[in-house]
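The structure under discussion appears below in the form of structure tokens.
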Ligand code: NAI
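Residue numbers (the working numbering): 47 to 309.
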């Protein structure tokens, strides 16, 4: 489905896009007529399949291997966008990881890994994109993947919640800093979406039921529903939107315990 004709011919960079939400965003952007530079860390086969799928549907996609937590990957992706497609218009910082651990037992390395990928990786992507946009006077667009856990506390995943809380305030601060340059910076906060990150929960019927019960709409989201938000944020339909987080969560962030079913 192509909803935004102005996106045709635009070029997007999307981190962590061999599966899950990054993949769905890449596929949706390609359907909108955009050229996409995708990224994978280790899953080369999956990445090739995604690219083949996009090309078979008439889209343009290339991939860059690398870890978002390492300095240089974001620049490499932008260089690839320029060498393959001539420019870069939209940078999506999507890659993210989570590992369960009680805080009092959490290894410092575990804490650092989550902050490194989710928060430092986002910084590195944002910095590279800003540098390119500012130097070329481009009114570019940056989208950061946050989570409902930028506002909902998450026991067992306190490092994850801290990283997403950081993404929230980083997004707002950068948006304010670059509003005079007409560079828009926003975040998306998905609720529970059916992607490989939730594989364990989705494959256990009891856990899945428990998760559905927690969501006010009782529906686990689909990656395409998040990709739709990413398409809108990239489009001119959101041209006056900057520094905000769009929640796409079936009502998960609305204090469900106050809902009508709990009265
Ligand atoms: P996923 O695990 O299905 O996919 C994550 C992607 O990021 C994979 O392609 C993985 O290879 C890549 N990745 C991980 N670490 C990387 C690194 N260091 N460098 C480069 N790529 C790396 O996860 P999903 O669900 O697609 O998550 C995407 C983003 O959405 C993450 O930031 C996550 O925190 C966020 N999110 C997901 C939710 C969900 O329910 N699926 C809910 C809220 C937020």
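Think of the CB as a built atom: it goes at the ideal place given N, C-alpha and C, for glycine as much as any other residue.
Are the beta-carbon atoms of residue i and residue j separated by less than 8 Å?
| i | j | result |
| --- | --- | --- |
| residue 127 | residue 171 | no |
| residue 371 | residue 86 | Residue 371 is absent from the structure shown; the chain starts at 47 and stops at 309. |
| residue 298 | residue 272 | no |
| residue 131 | residue 194 | no |
| residue 61 | residue 114 | yes |
| residue 296 | residue 237 | yes |
| residue 213 | residue 165 | yes |
Cβ-heavy atom distance between residue i and ligand 2 below 7 Å?
| i | result |
| --- | --- |
| residue 113 | With respect to ligand 2, the structure offers nothing, as its ligand set consists of ligand 1. |
On the premise that residue j lies in contact with residue i, defined as a C-beta separation below 8 Å, what is that separation, rounded to the nearest angstrom?
| i | j | result |
| --- | --- | --- |
| residue 312 | residue 187 | Here the chain covers residues 47 to 309 and nothing more, so residue 312 does not appear. |
| residue 124 | residue 174 | 6 Å |
| residue 72 | residue 63 | 5 Å |
| residue 239 | residue 84 | In fact, because the Cβ distance is near 19 Å, the residues do not count as touching under 8 Å. |
| residue 52 | residue 284 | With a Cβ gap of about 11 Å, residue 52 and residue 284 do not count as contacting. |
| residue 139 | residue 167 | 7 Å |
Mapping the DSSP letters down to three states, classify residue i as helix, strand or coil.
| i | result |
| --- | --- |
| residue 301 | coil |
| residue 166 | helix |
| residue 200 | coil |
| residue 267 | strand |
| residue 139 | strand |
In terms of residue numbering, what span does the alpha helix (DSSP H) encompassing residue i cover?
| i | result |
| --- | --- |
| residue 106 | Premise fails: residue 106 lies in the beta strand (DSSP E), 106-111, not in any alpha helix (DSSP H). |
| residue 251 | 251-260 |
| residue 134 | That residue, residue 134, is in no alpha helix (DSSP H); it is neither H nor E in DSSP. |
| residue 236 | No alpha helix (DSSP H) holds residue 236; the beta strand (DSSP E) holding it covers 230-236. |
By the 10 Å Cβ neighbour count, where 16 or more other Cβ atoms means buried, how is residue i classified, buried or exposed?
| i | result |
| --- | --- |
| residue 201 | exposed |
| residue 300 | exposed |
| residue 222 | exposed |
| residue 305 | exposed |
| residue 276 | buried |
Could you please give the first and the last residue of the uninterrupted beta strand (DSSP E) stretch that includes residue i?
| i | result |
| --- | --- |
| residue 86 | 81-86 |
| residue 58 | 57-60 |
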